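Participant: Supplied in structure tokens, the structure appears directly below.
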């Protein structure tokens, strides 16, 4: 069981690193796009929206990786709760009496434990919503605060698309992001730490 646990920890660590790698790509891309967009007054504002599209692609990729990461983390948490926690303090009993059949079934038929939408919500809360906010602030600054030769909303136009239409599309996209991030839901991710879970250790008598 100890070797099994060590193997699951190693696999979970590898998937954790894959998540971090995608986030690093997104941050690097944003830095490059903002550097280009603000390097001169004549730079077109749509390049920032291209950054929004690319970061969305990274978000979708990372959500898929997060679902895989949660598979291995759920096994680690099952072993921690029902093997090691019980070994350290048997007086608390076993949290899940059916953990052995459940773990055995998961090894026979591995399946993802969370939906794509929940995975996207997790990554938005942890990483991507602040990144999207930075891009939105940069786009608003280029089109509203420093619009150039045309005032807003004309400054937000792209080709044949009017500035109001572009602004409406951007606003709708960000409203969808906020709805996915903060929609009330029952979280299925196993062992996920949230702000409400953070606190001091209880005194043990």
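In this note's numbering, the protein residues as written are 2 to 206. Don't be surprised by glycine CBs; every beta carbon is placed ideally from N, CA and C. Nothing here was measured: the structure is a model prediction, and the numbers come from that model.
Is residue 159 helix, strand or coil by DSSP?
Facilitator: strand
Participant: Would the stretch 176 to 187 count as touching the stretch 69 to 85 if we require 3 or more Cβ pairs under 8 Å?
Facilitator: no
Participant: Taking the continuous alpha helix (DSSP H) assigned at residue 13, which residues delimit it?
Facilitator: 3 to 38
Participant: Please name the residue, chosen from 14, 16, 67 and 47, that lies closest to residue 127 on a Cα-to-Cα basis.
Facilitator: 67
Participant: Contact between the stretch 28 to 40 and the stretch 96 to 110 is defined here as three or more beta-carbon pairs at a separation below 8 Å; is this criterion met?
Facilitator: no
Participant: To the nearest angstrom, how far is the alpha carbon of residue 201 from that of residue 86?
Facilitator: The pLDDT assigned to residue 201 is 49, lower than 50, so where the model puts this residue is not dependable, and the model offers no usable value.
Participant: Is the beta carbon of residue 119 less than 8 Å from the beta carbon of residue 190?
Facilitator: yes
Participant: Quick one: is residue 21 buried, meaning 16 or more other Cβ sit within 10 Å of its Cβ, or exposed?
Facilitator: Taking every protein chain shown into account, the CB of residue 21 has fewer than 16 other CB atoms within 10 angstroms, so this residue is exposed.
Participant: When we look at the beta-carbon of residue 129 and count the other beta-carbons within 10 Å, is it buried (16 or more) or exposed?
Facilitator: buried
Participant: In terms of residues, what are the limits of the alpha helix (DSSP H) holding residue 75?
Facilitator: 47 to 80
Participant: Can you tell me whether DSSP reads residue 112 as helix, strand or coil?
Facilitator: coil
Participant: I need the DSSP call for residue 185, collapsed to helix, strand or coil.
Facilitator: coil
Participant: Looking only at its own chain, which residues have a Cβ that is under 6 Å from the Cβ of residue 23, when we skip the five neighbours before and after it?
Facilitator: 59, 62 and 63
Participant: Considering only residues of the same chain and omitting the five flanking positions on each side of residue 240, which have a CB-CB separation below 6 Å?
Facilitator: Because the chain spans 2 through 206 in this model, residue 240 falls outside it and cannot be assessed.
Participant: Apply the 10 Å Cβ neighbour rule to residue 108 and answer buried if 16 or more other Cβ atoms are within range, or exposed otherwise.
Facilitator: exposed
Participant: Is residue 96 helix, strand or coil when you go by DSSP?
Facilitator: Coil, per DSSP.
Participant: Let me make sure I understand the geometry here. Which of 159, 155 and 122 has the alpha-carbon closest to that of residue 188?
Facilitator: It is 122 whose Cα lies nearest to the Cα of residue 188.
Participant: Please state whether DSSP places residue 144 in a helix, a strand or coil.
Facilitator: helix
Participant: If you draw a straight line from the C-alpha of residue 49 to the C-alpha of residue 113, how long is it?
Facilitator: Residue 49 and residue 113: Cα-Cα distance of roughly 34 Å.
Participant: Taking the alpha carbon of residue 136 as the reference point, which residue from 88, 35, 90 and 110 has its own alpha carbon closest?
Facilitator: 35
Participant: For the alpha helix (DSSP H) that contains residue 125, what are its first and last residues?
Facilitator: No alpha helix (DSSP H) contains residue 125, which DSSP labels as neither H nor E.
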